[in-house]
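A quick write-up on the structure given underneath.
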Amino acid sequence: PAGIIAGRSEKELEVISEVTGSEMEDMRRFLEEVQIDVEHIDHGLVFEIIVTEYCGDSYAKVRITNFHTNIVLIEKDGKILYENREELASEEEKRADRGLLDMESIWDFIHSLDVEDVREVLTRQIEYNTAIADEGLKGNYGANIGSVLLDTYGDDIRTRAKAKAAAGSDARMNGCELPVIINSGSGNQGITVSIPVIEYAKEMGTDEEHLLRALALSNLTAIHQKTGIGTLSAYCGAVSAGAGAGAGIAYLCGGTYEEVVHTVVNALAIVSGIVCDGAKASCAAKIASSVDAAILGYNMYKRGQEFRRGDGIVMQNIEETIRGIGRLGKDGMKETNEEIIKLMVGE
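The sequence shown maps to residues 6 to 352 in our numbering.
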């Protein structure tokens, strides 16, 4: 109802960013008075939404595929007003080439990059994501996971890194309108890859240059993992984002390449079973668990402990492990995705 009542299509992903108080009241009345039916469709696409609205004998239909602003069909009363079959191309066909992404190349990049090339976007990530994390701790959002963590375990850096990331998600999932700088198409993942790294940098008194390099490492590590999984999956994206944050934290702590990649492997071995069942309050707790696994993964390796090849889904090396996780998330969890949808729509 938000989009129907107050949507401004020209703003794309910010379609409901300027909702007024009177429009909020209109939405509540709409929900009370208008029947809304939700059905599960399966045309072989990972992401597809068809919305049909009726007024008497008249109807209008819009179809979206592959990503959230990709309208491929507009139809009214049996007449096609717009259709673009080229836009039905698969996610892989339309996505930017990520062939250069591997952990060695990412590691080389974050050491050789000109910080000025990434300063604008990463400074914005620091500013925006810190603001919503702070708001999540101040306000009453969702299950208040961030506040629960701090009240229960204190405010040492390990707890604070988890709590502030969770608080940002608490706010984002439960009504806060502050903007977020995303990662892999997700605000929650953008919060998860950045806030723990930012908190560790504050704790350690890290200079801006090293923080920006750490954030570049964290963001790219998460994107690398998501490449094989795809944009949407029943595999929780907080897991890959948390492992990315672990890589950034390990770098800030003076970690070598080996320490960074073993941090990622250890984190993935611990929490790769978390499922995604949509955007909701429990995302914050999943983020906290994923960041915790990353911090544990780093501290394991620092103490001579690690998960090795043959330990479940841990493969020969970091790249094989990431490819395996990609298969798990994209192919192995297709049926899981179907069952989750059936549970959510009551089938």
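Even for Gly, the Cβ is constructed at its ideal location relative to N, Cα and C.
Every value quoted in this text rests on a predicted model; they were computed, and no experiment measured them.
**Q.** Host beta strand (DSSP E) of R68 (start-end)
**A.** Translated into positions along the sequence shown, residue 68 becomes position 63. Looking at the DSSP string, the run of the beta strand (DSSP E) that includes R68 is 63-70.
Q | Beta-carbon spacing of S174, I196 below 8 Å | A | Here residue 174 corresponds to residue number 169 of the sequence shown, with the count starting at 1. Here residue 196 corresponds to residue number 191 of the sequence shown, with the count starting at 1. Yes, Cβ-Cβ distance for S174 and I196 is below 8 Å.
Q) DSSP on E182, reduced to helix/strand/coil? A) Against the sequence shown, residue 182 aligns to sequence position 177. Looking at E182 - three-state DSSP - the assignment turns out to be coil, as it is neither helix nor strand.
Q: Spatial neighbours of D82 within its chain, please: CB distance less than 6 Å, with the 5 preceding and 5 following residues excluded, ordered by chain position.
A: Residue numbering aside, residue 82 sits at position 77 when the sequence shown is read from its first letter. Excluding sequence neighbours, D82 sits near S63.
(Q) Checking the sheet assignment: what are the DSSP bridge partners for L18? (A) Locating residue 18 in the sequence shown gives position 13, where the first residue counts as 1. L18 is not bridged to any residue.
Q | Boundaries (first-last residue) of the alpha helix (DSSP H) holding L273 | A | Looking up residue 273 in the sequence shown gives position 268. Element bounds for L273: 262-276.
Q.
Between G315, S277, V296, G147, which has its C-alpha nearest R332's C-alpha?
A. Taking the sequence shown and counting its residues from 1, one reaches residue 332 at position 327. The candidate whose alpha carbon is nearest that of R332 is S277.
**Q.** Cβ neighbour criterion (16 or more within 10 Å) applied to H267
**A.** Within the sequence shown, residue 267 is the residue found at index 262, counting from 1. So H267 ends up on the buried side.
Q.
I'd like to know if the segment 279-287 and the segment 235-243 are in contact, where contact means that at least 3 CB-CB pairs between them fall below 8 Å.
A. yes
**Q.** Environment of S2 [buried if 16+ CB atoms lie within 10 Å]
**A.** The chain is shown only over 6 to 352; residue 2 falls outside these bounds and no answer can be derived.
Q: Please state whether DSSP places C60 in a helix, a strand or coil.
A: The count along the sequence shown starts at 1 and reaches residue 60 at position 55. Correct three-state label for C60: strand.
Q) Exposed or buried, H48, counting other C-beta atoms within 10 Å across all chains shown (16 or more means buried)? A) Here the question's residue 48 lines up with position 43 in the sequence shown. Classification of H48: exposed, given that the 10 Å Cβ count is below 16.
Q) Closest to R313 by CA distance: which of C181, N271, I327 is it? A) Locating residue 313 in the sequence shown gives position 308, where the first residue counts as 1. Of the candidates C181, N271, I327, the one whose C-alpha sits nearest the C-alpha of R313 is N271.
Q. Is the segment 39-55 in contact with the segment 157-172, if contact means three or more CB pairs nearer than 8 Å?
A. no
Q | Limits of the unbroken beta strand (DSSP E) element including V1 | A | With the chain covering only 6 through 352, there is no way to say anything about residue 1.
Q. So I85 is in the beta strand (DSSP E); what residue range does that whole segment cover?
A. As a first step, residue 85 must be located in the sequence shown, where it is residue number 80. First-last of the beta strand (DSSP E) with I85: 84-88.
**Q.** Euclidean distance between Cα positions of Y256 and V120
**A.** Taking the sequence shown and counting its residues from 1, the one referred to as residue 256 is at position 251. Taking the sequence shown and counting its residues from 1, the one referred to as residue 120 is at position 115. Their backbone Cα atoms lie some 16 Å apart in a straight line.
Q) Three or more C-beta pairs closer than 8 Å, one from the segment 103-120 and one from the segment 202-212: is that the case here? A) no
Q | Own chain residues within Cβ distance below 8 Å of L18, not counting five before or after | A | Numbered from its first residue, the sequence shown carries residue 18 at position 13. H73, T74, listed in sequence order.
Q.
Quick check: what's the CA-CA separation for D31 versus I79?
A. In the sequence shown, residue 31 corresponds to position 26, counting from 1. In the sequence shown, residue 79 corresponds to position 74, counting from 1. D31 and I79: Cα-Cα distance of roughly 25 Å.
Q.
Quick check: the segment 178-197 against the segment 287-296, are at least 3 beta-carbon pairs closer than 8 Å?
A. yes
Q: For Y133, name the three-state secondary structure that DSSP assigns.
A: Here residue 133 refers to the residue found at position 128 when the sequence shown is read from its first residue. Y133 falls in the helix class under three-state DSSP.
Q. At which residues does the alpha helix (DSSP H) containing S27 begin and terminate?
A. Sequence index remark: in the sequence shown, residue 27 carries index 22 (1-based). 26-38 is the span of the alpha helix (DSSP H), which, as asked, contains S27.
Q. Given that a residue counts as buried once 16 or more other Cβ atoms are within 10 Å of its Cβ, and exposed if not, what is N179?
A. For the purposes of this step, residue 179 is identified with residue 174 of the sequence shown, where counting begins at 1. It counts as buried.
Q: Could you confirm whether any beta carbon from chain C is found closer than 8 Å to the beta carbon of T211?
A: The chain labelled as chain C is not found in the depicted structure, where only one protein chain is given.
Q.
Suppose you measure from the CA of A219 to the CA of L50; what does that come to, to the nearest Å?
A. In the sequence shown, residue 219 corresponds to position 214, counting from 1. In the sequence shown, residue 50 corresponds to position 45, counting from 1. Distance between the alpha carbons of A219 and L50: 35 Å.
Q) Around the Cβ of H45, are there at least 16 other Cβ atoms within 10 angstroms (buried) or fewer (exposed)? A) One-based indexing of the sequence shown puts residue 45 at position 40. Exposed is the call here.
Q) With burial defined as no fewer than 16 other Cβ atoms inside 10 Å of the residue's Cβ, what is the status of H116: buried or exposed? A) By one-based count along the sequence shown, residue 116 stands at place 111. It is exposed - the Cβ of H116 has fewer than 16 other Cβ atoms within 10 Å.
Q. Using a Cβ-Cβ cut-off of 7 Å (strictly less than) and excluding sequence neighbours within five positions of V185, which residues of its own chain qualify?
A. In the sequence shown, the residue the question calls residue 185 occupies position 180. So the qualifying residues of the chain are Y133, N134, I137, R177, G192, G195, I196.
Q) When every heavy atom of the ligand ZN is checked, does at least one fall within less than 7 Å of the C-beta of M305? A) This structure lacks the ligand ZN, and indeed carries no ligand of any kind.
(Q) Please return the same chain residues whose Cβ sits closer than 7 Å to the Cβ of V20, not counting the five positions on each side in sequence. (A) To locate residue 20, count along the sequence shown from 1; it is residue 15. Taken in chain order, the residues that qualify are G8, G12, R13, S14.
Q.
Cutting at 7 Å between CB atoms, please list the residues of its own chain near Y306, excluding the five before and the five after it.
A. Numbered from 1 along the sequence shown, position 301 holds the residue referred to as residue 306. Correct list, in chain order: E264, H267, T268, N271.
(Q) I'd like to know whether the C-beta atoms of A299 and A221 end up nearer to each other than 8 Å. (A) Against the sequence shown, residue 299 aligns to sequence position 294. Against the sequence shown, residue 221 aligns to sequence position 216. The answer is no: Cβ separation not under 8 Å.
Q) DSSP beta-bridge partners for S191? A) Locating residue 191 in the sequence shown gives position 186, where the first residue counts as 1. Its beta-bridge partners are N188.
Q. Ends of the alpha helix (DSSP H) at G233?
A. On the sequence shown, residue 233 is found 228 positions in, with the first residue counted as 1. Element bounds for G233: 213-234.
Q: Quick one: residues in its chain with C-beta nearer than 6 Å to the C-beta of R68, no 5 flanking neighbours on either side, listed in chain order?
A: Counting from 1 along the sequence shown, the entry for residue 68 is found at position 63. Excluding positions up to five away in sequence, the list reads I55, V77, L78.
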